[in-house]
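Input: a single structure, listed below in structure tokens.
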Amino acid sequence: MQYQSHFRVHLEVVAGNAEPAVYNVAVTATRMCALEGGWVISRSLAGQVGFSAWSIDEVMAWYGWIVASATPACDHLRQDHRQMEEYLDRLLTALSHISPELVSDVRGAVTSLQCVETLHFEKEESLFYPKLRPAFPDLLAQMDLQHQDIREVEQHVAEMLADTPEIPEQRWLDELRRSGIELYDRIQHHIVDEEDQLFRVAGNHLTPEDQETLASAFKKIQSGKSQG
Ligand SMILES: [Fe+2]
Ligand SMILES: [Fe+2]
Numbered sequence: 061m062q063y064q065s066h067f068r069v070h071l072e073v074v075a076g077n078a079e080p081a082v083y084n085v086a087v088t089a090t091r092m093c094a095l096e097g098g099w100v101i102s103r104s105l106a107g108q109v110g111f112s113a114w115s116i117d118e119v120m121a122w123y124g125w126i127v128a129s130a131t132p133a134c135d136h137l138r139q140d141h142r143q144m145e146e147y148l149d150r151l152l153t154a155l156s157h158i159s160p161e162l163v164s165d166v167r168g169a170v171t172s173l174q175c176v177e178t179l180h181f182e183k184e185e186s187l188f189y190p191k192l193r194p195a196f197p198d199l200l201a202q203m204d205l206q207h208q209d210i211r212e213v214e215q216h217v218a219e220m221l222a223d224t225p226e227i228p229e230q231r232w233l234d235e236l237r238r239s240g241i242e243l244y245d246r247i248q249h250h251i252v253d254e255e256d257q258l259f260r261v262a263g264n265h266l267t268p269e270d271q272e273t274l275a276s277a278f279k280k281i282q283s284g285k286s287q288g
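For the sequence shown, the positions run 61 to 288 when this note's numbering is used.
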């Protein structure tokens, strides 16, 4: 999978006469990516602060540094997704070798997943989706449906785990594996759809101010929960 983020960067010219300036750039995890106005960054920015860039037409060298993310709201939600994927991986590992001894690992992964997901869905459903719904009603209806599907199957898994037999039979373990893998698939599918479709249109549709406002509201939801 290829991840893309947008950043606001400060560019200093190394060769040429242009003035230093702040640009919005799209950065991918691959080696080459286009900047606004036809610039190319020569190496991945993932995890890096500084970078070099050359213009396509004039082969002019620049260097710069990231000032701030230009899409802080989408980046915040992406970070939640990465956290959820960590728990999803743990869930899948436990499910793929399921045995009575591994049921507690499944329970741990599902509980951790639910903690992140509850806040994440609140951020999306109370703030992010309503902001985008008027412009993209069909896409948002699809996202709502996916949340609903995730909740349904997650409730089933949680109920099974809450009522685990003292000595689980193979049939019960098979059902836990089937439902757990379905939960894994639905969440992973939703994350991909959101990042490929929703965050892409949000990146173009929302203003930098919208992004900032949403990002600070997300942080409030996050810290409200941490304090509670
Ligand atoms: Fe979502
Ligand atoms: Fe999400």
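Built from N, CA and C at the ideal position, the CB exists for glycine as well.
Residue i CB to nearest heavy atom of ligand 2 below 6 Å
i	result
residue 137	yes
residue 145	no
residue 254	yes
Per-residue burial, residue i [other beta carbons within 10 Å of its own, 16 or more giving buried]
i	result
residue 252	exposed
residue 205	exposed
residue 279	exposed
residue 240	buried
residue 167	buried
residue 131	buried
residue 219	exposed
residue 276	exposed
For residue i, three-class secondary structure by DSSP
i	result
residue 158	coil
residue 131	coil
residue 153	helix
residue 255	helix
residue 229	coil
Near ligand 1: residue i beta-carbon under 6 Å from a heavy atom
i	result
residue 184	yes
Cβ distance (whole Å) where residue i is taken to contact residue j below 8 Å
i	j	result
residue 176	residue 140	6 Å
residue 281	residue 179	6 Å
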